[in-house]
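Residue numbers (our numbering), protein chains in the order written: chain A, 1 to 271; chain B, 1 to 438.
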């Protein structure tokens with residue numbers, strides 16, 4: 001009895017409903033990408049399955065290079081973010097220094113600024129540093145992430161002081177306390193933040209488009225935009241194939257590590 | 001960096017024996033630096049892609065051909081997203097002090113670029129008689145969006161008009177003459193009714209109303225003998241009776257005559273609908289021509305848009321602009337590049353590859369395009385229609401003014417407001433925006 005009620009509860013129905021809405025564009029992309037173009041809006045189950053769309057999409061732009069670039073950009077940003085956010089969060093969480101409150105609030109305010117507003121300013125700085133059209137130039141404006149600092153600070157604050165004291169008794173100095181006590185305990189937060197960061201920068205479009213000029217630096221999203229074609233309307237089969245190509249690594253990662261993903265988000269949320 | 005080298009050299013020469021050798025090396029490197037500065041010019045050109053197909057490859061091919069003919073100029077052709085992205089990218093680069101030298105951008109961006117003091121008029125760059133003649137070698141209607149204040153700011157490159165694509169097979173099935181597309185608004189309605197009554201799953205006509213509603217609307221108002229704005233870009237005529245009448249007709253196609261789906265029609269999927277025979281007629285950009293030709297499984301025709309009081313369509317697409325922040329040599333090299341890209345042969349090549357128009361009468365005189373047109377007559381419809389064309393909606397504050405008109409059109413089509421109400425409101429807001437430019 002109890003089970004039956006559960007199946008038809010409002011929560012279950014609405015989460016199925018939301019889930020289906022959420023996944024339908026992806027399902028459509030699969031349908032359109034694997035079938036000939038005349039079937040892209042005809043749902044005929046006997047339609048032949050072909051790979052032509054992928055081949056054509058692949059030939060539109062140097063996607064293998066774009067994959068490499070996206071990978072480099074995302075890795076670069078993530079690694080530097082980890083270092084900077086860890087150090088900043090440690091300072092804000094455990095040290096009293098002049099102006100620490102004000103500084104922290106300033107960083108929080110940064111969360112409310114839409115990055116697109118800063119495109120011109122960021123471009124100016126990058127061009128002064130001679131980093132226009134470079135992978136580092138794409139990543140640099142994002143490495144000091146307010147969200148990352150905030151998230152890690154909250155996690156570090158929740159670590160019991162006793163652990164730190166015990167480490168100190170054992171002879172640990174400031175830096176090794178960070179590395180041996182705080183960082184290992186914050187692993188789920190790192191994972192959760194890493195996922196947010198990777199998916200954001202994998203999908204980022206406007207800034208990379210503005211700051212890059214050449215095939216050697218441009219990420220996948222910029223290549224994908226070639227299919228946009230606002231003046232003539234879109235070829236759905238090809239754009240779907242291109243989209244699947246670019247999201248496939250993230251998608252695969254999500255399917256393989258789904259459980260860890262969800263757990264890490266919950267863990268980070270509770271804290 | 002160079003000025004550091006002599007210092008370095010002096011210090012070393014005190015303690016080192018290789019003075020002469022190093023001196024020579026520095027001299028050579030300075031000479032080489034000068035050499036490459038004086039005889040090699042590097043140009044950055046941004047361009048947007050607005051129609052389907054691997055356009056970046058076509059542009060790269062044209063640029064490679066230019067470099068072959070002009071070995072002293074190196075061109076980096078940089079794909080910059082759609083028209084909007086291209087403008088953002090160009091303006092960001094401009095403010096950083098390291099702009100590109102030239103760019104293809106939306107023809108209607110002209111007022112914003114002038115207001116930002118980003119571009120130079122071509123009149124200031126042409127000297128010889130021959131160059132001045134070149135400025136006037138393009139179709140005059142294509143120049144309308146590039147000229148203001150008596151000066152030429154934009155040179156037409158990827159330009160289009162709206163044409164009427166129609167499905168001849170459906171015309172035959174409905175008892176209509178496949179070689180006689182509707183010539184005026186009444187025929188459009190009558191033919192539409194006949195098509196709808198003879199076919200269960202086919203609409204008579206579709207005019208897209210998302211994406212670029214103001215563009216389609218520019219065609220309807222021109223056919224009703226009224227333009228939407230003045231040439232200085234500081235007045236709009238949205239509430240003119242002929243404009244209101246045009247919007248009423250657009251709405252009636254769907255809600256009164258039932259030859260078009262009521263409500264809005266999606267820009268992005270319209271071609272698909274036409275190719276699948278869900279509509280017998282579509283109004284769309286000539287930029288679609290090559291794709292429709294490739295994918296249509298039926299006999300199709302292309303015709304000029306029908307008339308009410310006269311024929312009419314706005315032009316559309318992108319122009320070449322030269323940025324102010326570039327040296328005189330770079331401007332000269334940019335001129336050479338633009339001249340090459342718009343030369344009759346290249347314009348013909350571009351037109352055949354994309355469906356965009358040849359920008360000058362002489363491009364249609366080239367052998368390649370003459371032969372192409374002979375085999376495929378629809379390719380000249382856009383050109384012939386230029387005789388009736390007008391500029392695309394472009395004013396100061398273009399983005400916001402355009403949005404006002406777009407919203408008015410959509411709210412009338414979906415029945416939220418009457419066409420008159422909606423357009424009056426848009427006109428009032430537009431006047432407020434444009435007051436300080438008058």
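Virtual Cβ for every residue (Gly too), placed ideally from N, Cα, C. On a predicted model such as this, the values are computed, not experimentally measured, just so you know.
Original post:
Given a threshold of 16 other Cβ atoms within 10 Å of its Cβ, counted over all protein chains shown, does residue 16/A qualify as buried or as exposed?
Top reply: exposed
**OP:** State yes or no: is the beta carbon of residue 33/B nearer than 8 Å to at least one beta carbon in chain A?
**Re:** Its pLDDT being 46, under 50, residue 33/B is placed unreliably in this model, and the value from its coordinates should be taken loosely. Chain A, which has no Cβ nearer than 8 Å to the Cβ of residue 33/B, makes this no.
**OP:** Could you spell out where the alpha helix (DSSP H) holding residue 201/A opens and where it closes?
**Re:** 187 to 203
**OP:** Measure the beta-carbon distance from residue 372/B to residue 352/B and round it to whole angstroms, keeping in mind my assumption that it falls under 8 Å.
**Re:** 5 Å
Subject >> Residues of the region 81 to 103 of chain B with Cβ closer than 8 Å to any Cβ of chain A, in chain order >> reply: 81, 82, 83, 85, 88, 89, 91, 92, 93, 95, 96, 97, 98
**OP:** Say whether chain B places a C-beta atom closer than 8 Å to the C-beta of residue 63/A.
**Re:** no
Original post:
Rounded C-beta distance between residue 314/B and residue 389/B? I'm assuming under 8 Å.
Top reply: 7 Å
Original post:
Can you find a C-beta in chain B that's less than 8 Å from the C-beta of residue 46/A?
Top reply: no
Original post:
Which stretch, first to last residue, makes up the beta strand (DSSP E) that contains residue 322/B?
Top reply: 313 to 322
Original post:
When you check each C-beta in the region 101 to 129 of chain A against every C-beta of chain B, which residues fall closer than 7 Å?
Top reply: 119, 120, 123, 124, 127
**OP:** Look at residue 118/B and residue 324/B and say whether their C-beta atoms are less than 8 Å apart.
**Re:** yes
Original post:
Taking residue 41/B as the reference, which of 422/B, 331/B, 424/B, 418/B has the closest Cα?
Top reply: 331/B
Original post:
Would residue 53/A count as contacting chain B if we go by Cβ distances under 8 Å?
Top reply: no
Original post:
Identify the residues that DSSP records as bridge partners of residue 301/B: which are they?
Top reply: 166/B
**OP:** Return the CA-CA distance between residue 212/A and residue 72/B, expressed in angstroms with no decimal places.
**Re:** 25 Å
**OP:** State the DSSP-derived secondary structure class of residue 53/A, mapped to helix, strand or coil.
**Re:** helix
Original post:
Can a CB atom of chain A be found closer than 8 Å to the CB of residue 381/B?
Top reply: no
**OP:** Mind listing the chain A neighbours of residue 78/B? Cutoff is C-beta to C-beta under 8 Å, in chain order.
**Re:** 213, 214
**OP:** Give the residues of chain B in contact with residue 225/A, contact being defined as C-beta atoms less than 9 Å apart.
**Re:** 49, 79, 81, 82, 85
**OP:** Pick helix, strand or coil for residue 289/B, following the three-state DSSP scheme.
**Re:** helix
Original post:
From the beta carbon of residue 139/A, is the nearest beta carbon of chain B less than 8 Å away?
Top reply: no
**OP:** Return yes when the Cβ of residue 124/A is within less than 8 Å of the Cβ of residue 95/B, no when it is not.
**Re:** yes
Subject >> For residue 272/B, the nearest candidate out of 294/B, 410/B, 255/B (CA to CA) >> reply: 294/B
Original post:
What is the residue span of the beta strand (DSSP E) that residue 102/B lies within?
Top reply: 102 to 106
Original post:
chain B beta carbons: is any one of them nearer than 8 Å to that of residue 132/A?
Top reply: yes
Subject >> Rounded C-alpha distance that separates residue 69/B from residue 72/A >> reply: 37 Å
Original post:
Roughly how many whole angstroms lie between the Cα atoms of residue 127/A and residue 80/B?
Top reply: 18 Å
**OP:** Have a look at residue 250/B and residue 201/B and give me their C-alpha separation to the nearest angstrom.
**Re:** 21 Å
Original post:
What in chain B is Cβ-close to residue 58/A, meaning under 7 Å?
Top reply: Simply none; closest approach about 11 Å.
Original post:
Using a Cβ cut-off of 9 Å, which residues of the region 185 to 208 of chain A contact any Cβ in chain B, in chain order?
Top reply: 205, 206
**OP:** Take the Cβ of residue 77/A as the centre, count every other Cβ of all protein chains shown within 10 Å, and call the residue buried at 16 or more, exposed below.
**Re:** buried
**OP:** With 8 Å as the C-beta to C-beta threshold (strictly closer), list the residues of the region 239 to 251 of chain A near chain B in chain order.
**Re:** none
Original post:
Is the shortest distance between the beta-carbon of residue 44/B and the beta-carbons of chain A less than 8 Å?
Top reply: yes
Original post:
Given a limit of 8 Å on CB to CB distance, which residues of the region 276 to 303 of chain B reach chain A?
Top reply: 276, 284, 285, 287, 288, 291, 295, 297
Original post:
When burial is assigned at 16 or more other CB atoms within 10 Å of the CB, is residue 350/B buried or exposed?
Top reply: buried
Subject >> residue 124/B versus 375/B, 347/B, 321/B, residue with shortest Cα-Cα distance >> reply: 321/B
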